Each structure stands twice: as C-alpha cells, then as structure tokens.
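In the working numbering, the protein residues as written are 1 to 363. Read through the structure below, which is laid out as structure tokens, and then see the notes.
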DNA sequence: TACTCGTGGCA
DNA sequence: TTGCCAAGAGT
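Structure, rendered in structure tokens:
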C-alpha cells in the first residue's frame, strides 16, 4: 500500500469506519423531525408506520407524502385495518400521489402481513413482500428492526459517489456504490445511519449547490478535495419524451358524470377515471367517442408523465343517447373532488365542471 | 438490462 | 418555459 502516491489521499479509503461516528454525531444534532420517525436513539417506531412511510416516499418528496401519511394512518391505524379496506377506498385515498402500482402492492402486502400476523423481521423476509424492493426491504429492516442492512437510495448514491469520488456514470456505478456503502455501514444504529445519510443528502449534500461547509464528512470527502463535488454522480443521458394526444369524455346526466375503473395493471391501473380514447405512452388515442351524440370540445389539458407528455382534449356531450351508454359508475358532479381521480383526470374534470357551468348559464 | 410507471417543486 | 429531480419496484 502506497497511500503517499495517491493523487487525492483520503482517510476513508484506508479507514472507512471513521465515517459512521462522524455521521451519527451529526444526526444526533441535526436529524429532521418527521412524522414517521423516532428521535435519534429512541426505540424503533411501529413497523407498519415505517413500512407505510417508506412505500409512500419511493420517488416522492417528504412534502408530498406528509398529508397522505397522516390520512392513511387516520383511516387505517393498524396494518389489519388497511388489509380489511376495500380496494376502491385505498386507491382513492392514494389518488394524486402517483405511481399507483405502489398502492396496489401496498394493499397486497398489508393483506399478506395480516394473514401472517406480523411483518417479517429480516431483510430477506421483507424483500419477498409485494412492493418491497432492495431499498425498502433494507430500510425497514434497519429502521424498524435494528438490523444491519445496506440502505441505498438516491441520496446515498449521491453522498457515496462524492465521498469516494466514483466517476462511473449511473446506473453503471450502482455495484461500486453499494460496495462502498457496505464498507461504511456500522453494525450498531444501522437505521439511524441510513436516515442520517438520507438527511445529509436532502439538506447538505444536495444535487445542486451542496453546502460542504456544513458537512460532517467534509474532511473525508474525495470529491470535496478535488473540487466541483456537484458534478458527481455522473448520469447517463436521458431519452427525449414524446408528446401524445388523446381524448377523455365527459358524459353527464342528471347532475352525475360517468366514471370508469381502469384495468388493474398498467398506467393508472385500478384508478377511477373518465372514459378515454385509448391513448398511451406508445400511441395517440383513436379519437372516437364511446357513444353516439352531439360532442363539443371542453378544452385541452397538458400533463407530463415520466416518459411522455400528454395533450388531453376533453369532449363534452350534452345529450348522450341512453341506448348506447357504456358501463360505469355515475358520480355526482358536485362531489367529483371525492372520486379519487389521478391528477390528469382531475385536471380534465375541472374543465368538465366549467363546461357544465357554461352550458347552464346559456340556458 | 432497459423500460414502464405520477406528481409537484424548483432553478 | 423547460428540464431535472425525489426515501424505487416490477417486468
């Protein structure tokens, strides 16, 4: 070993064990207070609450999750309560939070846990449950059960890529980042360590303009020593998003609008929705209304999904032919906010309500 | 491996 | 306005 010949010598390369004490000391003083989190050093919270928060937080900001977490805990205080809930209630409660497969897996997982009587208390056992991948299984094992587990989310990837100056672009860098994270993860307080890494990434080691002056790991950080820590981790270029065009249909009768429930898999699966013309990420819709009648445009909403943008034209029908009505659920227009529509259809529904008010004024 | 799958905030 | 991004999982 010839440390003196390294271009950028750093203590962590030879002594990764120095990281955890630095980080945990910082966490004891600076941990964010979050509704689903115990204070540093306190007993672990209810596994149900840890699991619920972790699933909601997948690819989702703390700010967006907070209100949903409170609502779910109020409606379903225990995993047995959630397991007993009707599918439609859970999907409607999740509406607006996105990535609806999470809600479908949440319910499947709750029912499996209720059947077993408790959450598995090992990373391997947790990993086998629906909706728990490598990250969430490790996080719940560490935070709720005090297991040593290697917890790697986007925050940890950023902190570790900078700490070790890992130049390989994501996602190819993931194996190296995981090995590095393993090397700095302590046996004791693994849950606090994981949450500390995520807090550090969220508040100090940020994507843009990291606040290195406040970082407890500054003395050990190779990217900081090299300068320009914000350039790491490098990322592979992204594909361009196509623009798709589609229609949704506002079919109203006696103050109620016709809603459908989308198929269980795929985009917005299991969610209440307006009838549409079959638009998808791959293709435009066919534009054909689901029933005969006089149609007029109620306006266009633009909505961005992860992998495509949608221009959705809302079509209004004032006089639907009762003989050709498709199957569905008649929902009072005045209570459309309670239908649990995903955001793209909630936007369209606002146009539908506006169109109804406009027509009513003309009469 | 690479793609699919939401949403809102921010610069 | 546009692009980037967040406590990823499933296929």
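Even glycine gets a Cβ: it sits at the ideal position worked out from N, Cα and C. Predicted, not measured: the structure shown is a model, and the values here were computed from it.
Cβ neighbour criterion (16 or more within 10 Å) applied to residue i
| i | result |
| --- | --- |
| residue 171 | exposed |
| residue 141 | buried |
| residue 129 | buried |
| residue 124 | exposed |
| residue 214 | exposed |
| residue 201 | buried |
| residue 53 | buried |
| residue 357 | exposed |
| residue 131 | buried |
| residue 290 | buried |
| residue 399 | Nothing about residue 399 can be reported from this structure: the residues present for the chain run from 1 to 363 only. |
| residue 151 | buried |
| residue 243 | exposed |
| residue 255 | exposed |
| residue 338 | exposed |
| residue 196 | buried |
| residue 8 | Annotation note: pLDDT 47 at residue 8 (below 50); position unreliable, coordinate value reported separately. Exposed, since its Cβ has fewer than 16 Cβ neighbours within 10 Å. |
| residue 207 | exposed |
| residue 302 | exposed |
| residue 365 | Absent from the structure is residue 365, since the part of the chain shown begins at 1 and ends at 363. |
| residue 84 | exposed |
| residue 355 | buried |
| residue 42 | exposed |
| residue 38 | buried |
| residue 153 | buried |
| residue 3 | Unreliable positioning characterises residue 3 in this predicted model, as indicated by a pLDDT of 36, which lies under 50. The coordinate reading is nonetheless provided below. The residue is exposed, with fewer than 16 neighbouring Cβ atoms inside 10 Å. |
| residue 362 | exposed |
| residue 167 | exposed |
| residue 348 | buried |
| residue 137 | buried |
| residue 67 | exposed |
| residue 335 | exposed |
| residue 103 | buried |
Close Cβ partners of residue i (< 6 Å) along its chain, the five nearest in sequence each way excluded
| i | result |
| --- | --- |
| residue 370 | Residue 370 lies beyond the residue range present for the chain, which begins at 1 and ends at 363; the question has no answer from this structure. |
| residue 87 | none |
| residue 223 | 162, 165, 229, 232 |
| residue 82 | 76, 110 |
| residue 105 | 130, 131 |
| residue 296 | 316 |
| residue 211 | 204 |
| residue 186 | 20, 193 |
| residue 6 | Unreliable placement is indicated for residue 6, whose pLDDT of 43 sits below 50; the coordinate value is still reported in the next sentence. None. |
Rounded Cβ spacing between residue i and residue j (contact assumed at less than 8 Å)
| i | j | result |
| --- | --- | --- |
| residue 443 | residue 19 | The requested residue 443 does not occur in the structure, where the chain is confined to residues 1 to 363. |
| residue 199 | residue 350 | About 37 Å separates the two Cβ atoms, so there is no contact after all. |
| residue 27 | residue 47 | Actually they are not in contact, since the Cβ atoms of residue 27 and residue 47 sit about 21 Å apart, beyond 8 Å. |
| residue 276 | residue 266 | Not a contact, Cβ separation roughly 13 Å. |
| residue 270 | residue 91 | 5 Å |
| residue 45 | residue 183 | No, residue 45 and residue 183 are not in contact; Cβ-Cβ is about 28 Å, not under 8 Å. |
| residue 205 | residue 158 | 6 Å |
| residue 344 | residue 316 | The Cβ separation is near 17 Å, so there is no contact. |
| residue 36 | residue 69 | 6 Å |
| residue 240 | residue 194 | Actually they do not touch by this definition, with Cβ atoms about 35 Å apart. |
Contacting residues, own chain, Cβ-Cβ under 7 Å from residue i (five flanking each side not counted)
| i | result |
| --- | --- |
| residue 262 | 268, 269, 270, 271, 273 |
| residue 80 | 114 |
| residue 287 | 247, 277 |
| residue 299 | 314, 351 |
| residue 235 | 169, 170 |
| residue 34 | 62 |
| residue 292 | 321, 324 |
| residue 353 | 333, 336 |
| residue 259 | 272, 273, 274, 328, 329, 331, 339 |
Sequence-distant residues of the same chain with beta carbon closer than 8 Å to residue i, five excluded per side
| i | result |
| --- | --- |
| residue 120 | 126, 128, 129 |
| residue 25 | 216 |
| residue 133 | 127 |
| residue 107 | 82, 83, 85, 87, 90 |
Any non-hydrogen atom of the ligand FMN closer than 7 Å to residue i Cβ
| i | result |
| --- | --- |
| residue 140 | Among the components modelled here there is no ligand, and therefore nothing to report on the ligand FMN. |
**Item:** beta strand (DSSP E) segments (min. 3 residues) lying fully within the region 290 to 340
**Value:** As far as the region 290 to 340 is concerned, its whole beta strand (DSSP E) runs of at least 3 residues are 295 to 304, 309 to 317, 329 to 332.
**Cβ contact check for the region 243 to 252 and the region 207 to 223: 3 or more pairs under 8 Å** = With a cut-off of 8 Å, the region 207 to 223 and the region 243 to 252 do not count as touching, because too few Cβ pairs lie within range.
**Request:** Examine the Cβ distances between the region 67 to 79 and the region 323 to 330 and report whether three or more of them are shorter than 8 Å.
**Result:** In short, these stretches do not touch, since the Cβ pair count stays below three.
**Request:** Flag this pair as touching only if the region 298 to 316 and the region 271 to 283 have three or more C-beta atom pairs under 8 Å; answer yes or no.
**Result:** When C-beta atoms of the region 298 to 316 are compared with those of the region 271 to 283, three or more pairs fall below 8 Å, so the two segments count as touching.
**Request:** Flag this pair as touching only if the region 55 to 75 and the region 91 to 108 have three or more C-beta atom pairs under 8 Å; answer yes or no.
**Result:** Taking 8 Å as the limit for Cβ pairs, the verdict is that the region 91 to 108 does touch the region 55 to 75.
**Message:** Does the region 183 to 196 come into contact with the region 137 to 153, if we say contact requires no fewer than three beta-carbon pairs (one atom in each stretch) closer than 8 Å?
**Reply:** A contact exists between the region 183 to 196 and the region 137 to 153.
**Asked** What are the start and end residues of each continuous alpha helix (DSSP H) run of 4 or more residues lying completely inside the region 145 to 179, in chain order?
**Response** Counting whole runs of 4 or more residues, the region 145 to 179 contains the alpha helix (DSSP H) stretches 154 to 163.
**Asked** Whole alpha helix (DSSP H) runs in the region 13 to 72 with 4 or more residues, listed along the chain?
**Response** The qualifying runs are 19 to 30, 47 to 56.
**Request:** Would you mind listing the alpha helix (DSSP H) stretches within the region 107 to 150 that are 4+ residues and don't spill past its ends, in chain order?
**Result:** Counting whole runs of 4 or more residues, the region 107 to 150 contains the alpha helix (DSSP H) stretches 123 to 127, 134 to 145.
**Request:** Starting from the N-terminal side, write out each stretch of the alpha helix (DSSP H) that is 4 residues or longer and does not extend beyond the region 171 to 242.
**Result:** Counting only runs of 4 or more residues that sit fully inside the region 171 to 242, the alpha helix (DSSP H) segments are 174 to 184, 190 to 203, 222 to 226, in chain order.
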